[in-house]
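Visitor: Chains as they are written, first to last, in the working numbering: chain A, 216 to 522; chain B, 431 to 557.
Sharing a structure, written as structure tokens. Questions coming.
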């Protein structure tokens, strides 16, 4: 395959409904914080447009999406227009109105998937990178008790590497889905990955342990290392702008969720096809390396699309 | 009729395998190993939303055919125009025989296509 096989519209879109967040996780790439909520009318327009373009999967994220003042309505609307919607949360801002909306969608569709971030079940250890774990644990229990598919997302750092296995074992009574990530470099926090990174040998040993645990306890543990051997040849250096993009609360469109300063257009000024087929997006996929590696060169290639 | 793998995972952060093999300085390989790849649907129980003929698969048109995503395996496959038309017809309620006739393809090729889809999108199938 080549970049010429790029789909005619994204397959997967992350909609960041707010940039507000009540936590300050050490490795968070959503920097700087601006406290903007996506207006409900614009959210609905975006969702309608994504649905019309045949996007397969929408992820609602932020910031912390549950801090959006109208999140129950946004959640219901997205689920009404899409068969599959994923919500990403830190699990500390869930209120009864959110549970009502989730319950309602569950009754209608039979399945709701929510990813909750938690680095360690231990209160103090989780606070080293995120916040004390009590509220998040309560949220995981609440969501699974009403029948949600909960995926626990764990960022493996030198702080929590020893606690990853015990955390998964303890949470296995509530859910069987775990998604593990290594620390990644963040351009706005240069050097953070080196500061937090655990030793490679320890990580490799952990991955082996967790593969065995997954087999023994019938858990679905997604490890970063598993994906190395997979992959198809797209001609593009990474997925950014090839099959996915990200929409921010101010309707700026970015090719990658982790790269917050590269914008390829704005849905207030241009349509999805304009942006998708614009020079800025094409500049991203023509690169020889992932966009997070050398943005300066990309910035010389193209400018965001405006009408 | 063409039916081939497009993406192993809709949520994967794609790496171009041939380019990866050509990497000489090592950092690209390191980046691949450390990249964050989500697969929210792997091993998901069979209680997700199902659509009648396409058995839970989502499909959309592309200039040269269509793309199909299976939420249960998370893989995306591409089909050519004939296969896309046949699958759309089947989803609309046409029989295999009628779908084959409408697209001017053989019934056998329709059955072969459906067999490939069954195998590819069975949860746990190798991609």
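Virtual Cβ for every residue (Gly too), placed ideally from N, Cα, C.
This one's a predicted model, so the numbers in the text were calculated from it and none came from an experiment.
Mark residue 239(A) as exposed unless 16 or more other C-beta atoms lie within 10 angstroms of its C-beta, in which case mark it buried.
Guide: exposed
Visitor: Checking contacts by CB at 8 Å: is residue 440(B) closer than that to chain A?
Guide: yes
Visitor: Got a sec, what are the start and stop residues for the alpha helix (DSSP H) residue 340(A) sits in?
Guide: 338 to 344
Visitor: Quick one: is residue 361(A) buried, meaning 16 or more other Cβ sit within 10 Å of its Cβ, or exposed?
Guide: exposed
Visitor: Taking only the alpha-carbon atoms, compute the straight-line gap between residue 458(B) and residue 415(A) and give it to the nearest angstrom.
Guide: Here the model assigns residue 458(B) a pLDDT of 42, short of 50, so the residue's position is not dependable and the matter cannot be decided.
Visitor: For chain C, find out if any of its Cβ atoms is closer than 8 Å to the Cβ of residue 497(B); answer yes or no.
Guide: Reference to chain C is not applicable here, since the protein chains of this structure are A and B.
Visitor: Got a sec? Which residues, its chain only, sit under 8 Å from residue 513(A) by beta carbon, not counting five neighbours each side?
Guide: Any answer about residue 513(A) is weak, because its pLDDT of 49 lies below 50 and its placement is not dependable; what the coordinates show is given next. Excluding sequence neighbours, residue 513(A) sits near 477, 498, 499, 502, 506.
Visitor: Going by CA-CA distance only, name the one from 417(A), 433(A), 297(A), 495(A) that's closest to residue 228(A).
Guide: 297(A)
Visitor: For residue 235(A), which residues from the same chain have a beta carbon less than 6 Å from its beta carbon, with the 5 sequence-adjacent residues on both sides left out?
Guide: 250, 278, 282
Visitor: Just mark residue 246(A) as buried or exposed, buried being the case when its beta carbon has 16 or more other beta carbons within 10 Å.
Guide: exposed
Visitor: Would you list the residues sitting across from residue 435(B) in a DSSP beta bridge?
Guide: 507(B)
Visitor: Relative to chain A, which residues along the segment 503 to 517 of chain B have a C-beta separation below 7 Å, given in chain order?
Guide: 506
Visitor: Output, in chain order, the set of chain B residues within a Cβ distance shorter than 7 Å of residue 223(A).
Guide: 492, 493
Visitor: Counting contacts by CB-CB distance shorter than 8 Å, is residue 488(B) in contact with chain A?
Guide: yes
Visitor: Name the one or two DSSP bridge partners that residue 397(A) has.
Guide: Checking the DSSP bridge columns, you'll see residue 397(A) partnered with 371(A).
Visitor: With a cut-off of 8 Å on the beta carbons, I'd call residue 305(A) and residue 351(A) a contact; round off their distance for me.
Guide: 7 Å
Visitor: For residue 465(A), which residues of its own chain have a beta-carbon under 7 Å away from its beta-carbon, when the five flanking residues on both sides are left out?
Guide: 251
Visitor: Give a yes or no on whether the C-beta atoms belonging to residue 434(A) and residue 393(A) are separated by under 8 Å.
Guide: yes
Visitor: Less than 8 Å separating the beta-carbons of residue 456(A) and residue 470(A)?
Guide: A distance below 8 Å separates the beta carbons of residue 456(A) and residue 470(A).
Visitor: Taking its Cβ as the centre, do 16 or more other Cβ atoms sit within 10 Å of residue 435(B), making it buried, or is it exposed?
Guide: exposed
Visitor: Can you find the residues in the same chain that come closer than 7 Å, C-beta to C-beta, to residue 257(A), ignoring five residues on each side of it along the sequence?
Guide: 466
Visitor: Considering only the alpha carbon of each residue, which of 356(A), 289(A), 482(A) lies closest to residue 312(A)?
Guide: 289(A)
Visitor: At the 8 Å Cβ level, is residue 437(B) part of the contact set with chain A, yes or no?
Guide: yes
Visitor: Closest by CA to residue 335(A), which one among 321(A), 377(A), 318(A), 356(A)?
Guide: 377(A)
Visitor: Identify the continuous beta strand (DSSP E) that holds residue 460(A) and give its terminal residues.
Guide: 459 to 462
Visitor: Rank 453(A), 301(A), 268(A), 241(A) by C-alpha distance to the C-alpha of residue 232(A) and give the top, closest one.
Guide: For residue 232(A), the nearest C-alpha among the options comes from 301(A).
Visitor: Is residue 494(A) helix, strand or coil when you go by DSSP?
Guide: helix
Visitor: Can you name the residues of chain B whose CB is closer than 7 Å to the CB of residue 271(A)?
Guide: 440, 488, 499
Visitor: Based on the DSSP secondary-structure assignment, which residues constitute the bridge partners of residue 492(B)?
Guide: Residue 492(B) is bridged to 495(B).
Visitor: Please name the residue or residues paired with residue 366(A) in a DSSP beta bridge.
Guide: 330(A), 392(A)
Visitor: Where does residue 335(A) fall in DSSP's three states?
Guide: coil
Visitor: Tell me the DSSP secondary structure of residue 300(A) in three-state form.
Guide: strand
Visitor: When you compare each of 269(A), 286(A), 349(A) to residue 275(A) by their alpha carbons, which one comes out closest?
Guide: 286(A)
Visitor: Identify the contact partners of residue 227(A) in chain B, using a Cβ-Cβ distance below 8 Å as the criterion.
Guide: Here the neighbours are 440, 441.
Visitor: Going by DSSP, what residues sit across from residue 468(A) in a beta bridge?
Guide: 462(A), 480(A)
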